[in-house]
Amino acid sequence: IATAALRVMHPQQYWTGLQAFASLGDKVGSKELLKMSETLQYWATVFNILTIICNRETPNHQDHSLIPECFDILTSMGNYLNDDPGCMIAFSGRIVRHGVHAVEGDRIGWAWYMRDAVHIYAGIPSCGWARLDGKKSKG
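Per the working numbering, residue 167 is the first one in the sequence shown, and the count goes up by one each step.
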């Protein structure tokens, strides 16, 4: 669902993510990265990082290893995001300071994002900023 939402919110980021995984797939054979080859077969999203937070608090922070122009997507089951279960929000985790507050009971959250180092290794340039007019941004 997060990948489908990204396709609508930031199409350039979506396509850049697909290009990065295609490039990684090409590199797998030439560098004999057998474990990566198997992982890529099962990784079903354009995001290259997934963090799962379960019944845990995190301090407010910014993620300096992420691409600033990219949306991170957080989804939840429970009250992690101060909203109804199943909430989804998108923002730049490198720009916006964020954290997870303490909760009682069973709660789980998924954070989907793109690490800049993966795109650099794959040789795929940044996607640029999201635009409301549907035009491509100029990186």
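By construction, the Cβ of each residue, glycine as well, lies at the ideal position given by its N, Cα and C atoms.
Here the structure is a predicted model, which means the values were calculated and not measured.
Locate the alpha helix (DSSP H) running through residue i, then write down its first and last residues.
| i | result |
| --- | --- |
| serine 189 | 177-197 |
| isoleucine 286 | 282-288 |
| serine 203 | 200-208 |
Between the Cα of residue i and those of the options, spot the shortest distance and give me the residue it belongs to.
| i | options | result |
| --- | --- | --- |
| cysteine 253 | Ile239, His227, Ile233 and Met175 | Ile239 |
| isoleucine 218 | Gly195, Glu235, Leu200 and Met243 | Met243 |
| isoleucine 215 | Thr169, Glu223 and His264 | Thr169 |
| histidine 176 | Val269, Thr241, Phe237 and Val284 | Phe237 |
| alanine 288 | Phe213, Lys193, Ala171 and Asp272 | Lys193 |
| valine 269 | Asp282, Ser258, Cys220 and Ile290 | Cys220 |
| tryptophan 276 | Thr241, Gly294, Cys293 and His267 | Thr241 |
State the start and end residues of the unbroken beta strand (DSSP E) segment that holds residue i.
| i | result |
| --- | --- |
| serine 268 | The question names serine, yet the displayed sequence has alanine at residue 268. Run containing alanine 268: none; DSSP gives neither H nor E here. |
| leucine 240 | 238-243 |
| threonine 224 | 224-227 |
Pull the bridge partners of residue i from the DSSP assignment, please.
| i | result |
| --- | --- |
| serine 258 | DSSP output for serine 258 lists no bridge partner at all. |
| glycine 275 | Ile219 and Ser242 |
| leucine 232 | Arg281 |
Does the beta-carbon of residue i have 16 or more other beta-carbons within 10 angstroms, so that it is buried, or is it exposed?
| i | result |
| --- | --- |
| isoleucine 167 | exposed |
| valine 284 | buried |
| threonine 205 | exposed |
| isoleucine 286 | exposed |
| arginine 222 | exposed |
| alanine 186 | buried |
The segment 203-210 in contact with the segment 219-233 per 3-pair CB rule at 8 Å: Segments in contact, no.
Cβ pair count under 8 Å reaching 3, the segment 254-263 against the segment 192-200: Contact fails: fewer than three Cβ-Cβ distances are below 8 Å.
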